[in-house]
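Here's the structure, in structure tokens; my notes come after.
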Amino acid sequence: MSEKKYWKGLEELYNTPSYQKTVRNEFPEKLPFGEEVDKLMQAKTPRRDFLKYLGFSITAATIAASCEIQVRKVIPYVNKPVDITPGVPNYYASTYVQDGDYCPVVVKTRDGRPIKIEGNTSSSITKGGTSAVVQASVLSLYDTARLRYPMIQGKEATWEELDKAVVEGLRNLGGLPIVLLTSTLMSPATEQLIQEFAAKYPNTKHVTYDAISYSGLLLANEACYGKRAIPSYHFENAQAIVGLGADFLGTWLSPVEFANQYAQTRKIKGKKANISRHIQFESYLSLTGANADYRYTHRPSQLPAIVLNLYNAVALALGKPALPNVPTLQDDQLQKGIQRAAKLLAAHPGQALVVCGSNDPRIQIVVNGLNEMLGAAGKTIDWNAPVNYRKGIDSDMQQLVADMEAGKIGALLIYGANPAYDYYDAARFAEALKKVKLTLSFNDHHDETTVLCQYVAPDNHYLESWGDAEPKAGYYSFIQPTIFPLFKTRAFQESLLSFMGETPDWHAYLMKYWEPKLGGLVSWEEALQNGVIEPKQVTLAGLPFKGDVQAAATQLAAEKPQSGELELVLYEKVAIRNGRPANNPWLQEMPDPISKCTWDNYICVSPALAWKLGISINRFNENDLNRPVAKLTAAGKEITLPVLVLPGMPQDVVAVAVGYGRSQDVGKAAGGVGKNVYPWAYFNNTTQTFHYYQPAVTLTLTGETYPLAITQTHNSFEGRPIILETTQQQYNQDPGEATREQREERERYGGDQYATEGTLYPNLYDFPGLKWGMSIDLNSCIGCGACTIACQAENNVAVVGKDQVLAHHEMHWIRIDRYFSGDPENPQVVFQPMLCQQCDNAPCENVCPVAATTHSDEGLNQMIYNRCIGTRYCMNNCPYKVRRFNWRDWQGATSFGQIKDTGDMNSDLTRMVLNPDVTVRTRGVMEKCSFCVQRLQDAKLAAKKAGRPLMDGEAVTACQQACPTQAIVFGNVHDSGAAISQVRAENKETRLYYVLDDLHTLPNVNYLVKVVNKDPNDFYVEPVQHVLGK
Amino acid sequence: MSDFSYFGRTVKYLVICSLAFCMFSFSAHHVYADAQRGKQLFQQNCAQCHNPLRDATGPALYGKENEVPGGRKWIYNWVHNSSAVIASGDKYAVNLFNQWNHVQMPPFPQLTNQDIDDILDYIKQVGDEAKQAAAAPAAGGQQGATAAAPASNNNLLYGIITLVLAIVALILLQVNRSLNRMANEKEGIETREPVPFYRNKTYIALVSVVLFLMAGYFLTNAAVNIGRQQNYEPTQPIFYSHRVHAGINQINCLYCHAGAEKSKHAMIPSQNICMNCHMAINSYSGPQLYTPEGKAVDGTAEIQKLYYYAGWDPKQRKYVNAGHPIQWVKIHNLPDFVYFSHEQHVAVGKIQCQVCHGPIQNMDVVYQFSDLSMGWCVNCHRTTKVHFADNAYYSNIFMKYHEELKQGKIDSVTEAMLGGTDCQRCHY
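The structure is reproduced here in structure tokens:
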């Protein structure tokens, strides 16, 4: 096997002098004592002053600590509810539904407050997986910026006052219509309620508007299948997957569901691999592109030509009629890609799937035609269960804004939508809103639209709500409250009922709707308990195709796409999505899977373009935090944003994420972070849909700089073989090849006895009982970051804020390392979740002067906070760089903390999200992954109490639970029947390896080699240095 | 002198005890032959609603025996099926039924006539005793004062003896030195001018070292004890006596502290649990209660406080408001970085409450019995034997110990052998 060179960033690839400096200096920052110390050092007698301060503070602390012991109260219930036992968590099935995103969940509540979201394993759609956004949604419940009461003209009002005023307003509209503007709703009961509302107020219209629109797909499907809907996709049945600008693993339509299906096609059992092949065409480096076997980049304006060429190439291969007048593609690479994709698709009829992220209905019609030609209907595409994930039709919204401008709208009731922020012409919308007689917002934040409305009737958080959802036809899911509303908010549906003059009891309404359908109260309660109701038998089917591919293709071919030297594409980030969860500090601080950047949006440019712009290569480096700032001009608008050089960007495209630049009113975490680029979306009159790119932009450096908090090169792996990859072809020829070197090395030092023979100190620990182990399958991991946020929620991991991330002080216990290899212009990407490896021969344990980190008899590397004195020796000595130091008192654990409350994490309200079973760490102590020891202890206790052996799968870590692709297996390795033991036994001679095994750290976390379905020739690509010269 | 008085008290005590024993064996025991059995039956069946002396959910029972029209026979019928008696039109029964707001007494067909006799005997005994007590009210008061023996602390004595011995030694040393000097002088040997002991460097060094060690010892102990609250005995909003509930009345700890078996918290009971019994028990008639300062406590008034907190009106016999949470003062406080689970210790470990909480059944006011220090925890984990063989949880792990048990190499498995002294058993 030829050595493959991996690099975390360009600076590492080119080994710049400043990078070398970074590598040498693990703790780059000075001790962060802050300004006080600087001032002290400049004093005339710093030593004496220091002693004075020291003396004073010791005395003060002694007096404060020893005078009196605080009297603590313990206050029991007056009348204890039957189902609450203090200290014992309750779990309630519910459903996360937001703007058409769907995820069935189980909510963990402790003493009446929700503290953690877990995936609901009863769902066949998500199979218990979650995403980072879903995991973080529990924190939004305790968002201090949530609206707390109804308002009239910006002033607090009572619900009675509001109801009275609104009903009066709605009755006196002078015949003008009422419009209910929402983002996609998938609640059948709400739909019925809206119809009843429309019956009560006959002049009511319901307009659905999605910030990121799928209109093109909906309209194309209407044209092709007579249904304005989106089918279910079944990636798990596909051997050939082609993505055309659809980030289906990260943001497109239903990423949790698709990630799960996709991962099923990538799992390897035994010594013969037969995984799917995935080819991605895209205009920026998306999460999906990063996971693709082959990836080709193009300008956004080239997409029609690519689709048409692909169609023809497949038609040619299958002997079907081709489309006439298809424009030729000049790009050699793209031509090659299309040929490869066509060959792949044609070779897998009935096992192929093409998905396209374009919002152009004509392109989607061609893609539909392509899927039909490939026999996807009933195999990888199911029309029996069309999905309700997105319903917004863009022309409706256009019409609405025009009507508002013309003064033809009497009342606008807004629920979920935020057009004053995410509509491409927000100023026009805001202006038009003034011409509406009555404006009301149900949104739960003071967002950009809500501040413009006369009335505000804030909705509950979903964890406080009743509700239902129909994600797919025949699949039902229920929402039940897990806490009484924290504020004077009211369910949107109750507000509607009030306006209709009926009893505002949404729960009763919901029960009345569902009980007869489910067959009685018992079934209803059973449904609530399970969270989901799904069809017992699933058959996939297509629909008769009557789309006119010819006409669509002709139109596309006839259109000469406008294109400038540089094109701009707008994209959604995995964490911030359309901007809705922006005020969530967990998500803001989650490193983007691709750029590893936190707390900002930025202009992604390719290395070649950066070179062309004259950006110094040193600017790529963490050492120089200050990124050049550039002015982006297009369509008469301009914006200045920092530039981030990202391998894998096309040379002639720049990409900027939407969802940033929220107003200060939205909250402390979101306010003022990044810039809003929605204004560069536009409405295409020909297609009647929104488009999210600009064909001609100019980019000029302003000469200023701006710091971006990027975590990717906070630590260096210094070229060690910690990523092992191979291709399917090689794997099938020689499954053990990738790990042979490591196994041979072990063999030399005792093989199975490596633990004792490979060291001069063989008296290792004894593990008489359980021993925990984890296996991470690099083939399944897609790098989505759900585990990072799940861990953060479970283990009270602190948010530190941008300035501290810049100082390398981020606290995540599990990070996802992203490695590039190959051509910097279009690199291959590998994701590797990195957490404490719980080494049995841990380098950190030996160096602790106070024995604050020791080994347990279950193989856990224990970190004892109350013993730690903060020398950071362990952090220094950890080869995996997974230990995190509390430079400050992030969560207000002590009264003497220097609290910098970025994102409002220290308020009494936000602290309600903390897990009471996990210590909140104070300043000056080290922390790290504990294998969720509190969960392990819980599982053991349950088994002990029941007097039975611990069963496999009872002890589940938070990261494992959250993973949408089941990449993580965890359990007791002493139990030969456990999944972890089986995985290890199965892959012992093939894919199993330990990171930095030669150090004899004896990790309890193993990895499984990533197998890429790529030709070996395309796999081993030397990094070309042609781009940057020096 | 002190010895003599102790001896005297002991003799007095023995005499009183023998006299009391004689009295019981000759009089009381004879009259109330089956009152002991009756007490048990009464507590099992009747105490929910009845008190021998006071009206509760049902009327006070003492003396009713002589009041009812048919004597004991009537009572048998009534207890076996009171509704039948009312239905038969018995005047007394109907009257009683109306008087008590038409609250029906549940039937007790399982009680035999002998059982009912025993219960009635018990009621009679309680009533008679109460009468006698009323006649001689001062009898009980002095007992509390004489019961407590003076706390003896030998440490002080040893300390004084050590000090005296040290001074004697010092004096002897001085004397020895003087004698030596005098002897030398006599023999004409030149001796240096003596240095007074307070300027003698050896002495000064010795004293400094001793002082330093003592100061260090006390300082370290004090520092280690910061935050510990052994013997903490705060005043609570209600004078709730564990002695009365758990000691005298033998209520199981888990009846109120239900969480001890299923949660990390033992749980302070909510008022609704108190009211399960106190709906009927509205006054206190047990031994006189005293605060630690020696002030007498009116138990009945404390029950009234509970009614206030529970929102219960004892006159109307119903809840009149939502109640007020009781702000108990928390006695056992662990630092935030310690995870302690009652469930683990009580339900799995089968540890008695008293192991950590001390003689709680004797405490009128609860105090912290153990120091709850880590050393205390760890020592127990080191020595406590685990239910290893009889819990199937261990059946497929720790095979090494199973083997050694079988071979007789070890006779039991302690918590520490199962990793019970690992840091992350309690700190995470």
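Those protein sequence lines, which keep their order, are chains B and D. Residue numbering for the first sequence follows numbering that gives the first Met the number 0, beginning at 0 and increasing consecutively. Residue numbering for the second sequence follows numbering that gives the first Met the number 0, beginning at 0 and increasing consecutively. For every residue, glycine included, the Cβ atom is placed at its ideal position computed from N, Cα and C.
For residue i and residue j, I'd like the C-alpha separation in whole angstroms.
| i | j | result |
| --- | --- | --- |
| B/W679 | B/Q693 | 7 Å |
| B/Y601 | B/Y659 | 10 Å |
| B/K1009 | B/Y993 | 13 Å |
| B/D1014 | B/Y748 | 35 Å |
| D/L95 | D/W73 | 13 Å |
| B/T632 | B/D421 | 19 Å |
| B/R294 | B/L184 | 34 Å |
| D/G139 | B/V917 | Interpretation of D/G139 is limited by its pLDDT of 42, a score under 50 that renders its predicted location unreliable; the figure taken from the coordinates is listed afterwards. Looking at the two C-alpha atoms, the distance is approximately 52 Å. |
| B/G750 | B/Q727 | 27 Å |
| D/G357 | B/A668 | 51 Å |
| D/I350 | D/H426 | 21 Å |
| B/Q711 | B/H807 | 10 Å |
Which first and last residues belong to the beta strand (DSSP E) in which residue i is found?
| i | result |
| --- | --- |
| B/I93 | The sequence given here has Ser at residue 93 of chain B, not Ile. Taken as a continuous stretch (DSSP letters only), the beta strand (DSSP E) holding B/S93 covers 89-97. |
| B/F682 | 681-683 |
| B/S231 | 229-232 |
| B/C102 | 100-109 |
For residue i versus residue j, is the C-beta distance shorter than 7 Å?
| i | j | result |
| --- | --- | --- |
| B/Y148 | B/K674 | no |
| B/Q353 | B/V241 | Rather than Gln, the amino acid found at residue 353 of chain B in this sequence is Val. In this structure, B/V241 lies closer than 7 Å to B/V353 by Cβ. |
| D/P313 | D/N281 | yes |
| B/T84 | D/K261 | yes |
| B/F441 | B/A431 | no |
| D/N80 | D/P106 | yes |
| B/V435 | B/L451 | no |
| D/Q173 | D/Q367 | no |
| B/T379 | B/N236 | yes |
| B/R71 | D/K329 | yes |
Within 7 Å of any Cβ in chain B, is that where the Cβ of residue i sits?
| i | result |
| --- | --- |
| D/K399 | yes |
| D/G322 | yes |
| D/Q235 | no |
| D/S269 | yes |
| D/S240 | no |
| D/S372 | no |
| D/F387 | no |
| D/C422 | yes |
| D/A346 | yes |
Tell me whether residue i, by its Cβ, gets closer than 6 Å to a heavy atom of the ligand MG.
| i | result |
| --- | --- |
| B/I151 | For the structure depicted, the ligand MG is absent and the ligand set is empty, with no information on it obtainable. |
Using beta carbons (cut-off 7 Å, strictly below), is residue i in contact with chain D?
| i | result |
| --- | --- |
| B/N905 | no |
| B/P85 | yes |
| B/Y52 | no |
| B/G660 | no |
| B/S779 | no |
Where do the N-terminal and C-terminal ends of the alpha helix (DSSP H) with residue i fall, by residue?
| i | result |
| --- | --- |
| D/V163 | 153-186 |
| B/D395 | 393-404 |
| B/A695 | That residue, B/A695, is in no alpha helix (DSSP H); it is neither H nor E in DSSP. |
| D/D127 | 112-134 |
Within the stretch 267-299 of chain D, note down every full alpha helix (DSSP H) run reaching 4 residues or more, in order along the chain.
Contiguous alpha helix (DSSP H) elements confined to the stretch 267-299 of chain D occur at 270-277, taking only those with 4 or more residues.
Taking only runs that begin and end inside the stretch 838-892 of chain B, name each unbroken alpha helix (DSSP H) of 4 or more residues, in chain order.
DSSP runs (the alpha helix (DSSP H)) wholly in the stretch 838-892 of chain B: 842-846, 872-876.
Please go through the stretch 138-207 of chain B and give each complete beta strand (DSSP E) segment of 3 or more residues, from N-terminal end onward.
For the stretch 138-207 of chain B, whole beta strand (DSSP E) runs of length 3 or above, ordered along the chain, are 177-181, 203-207.
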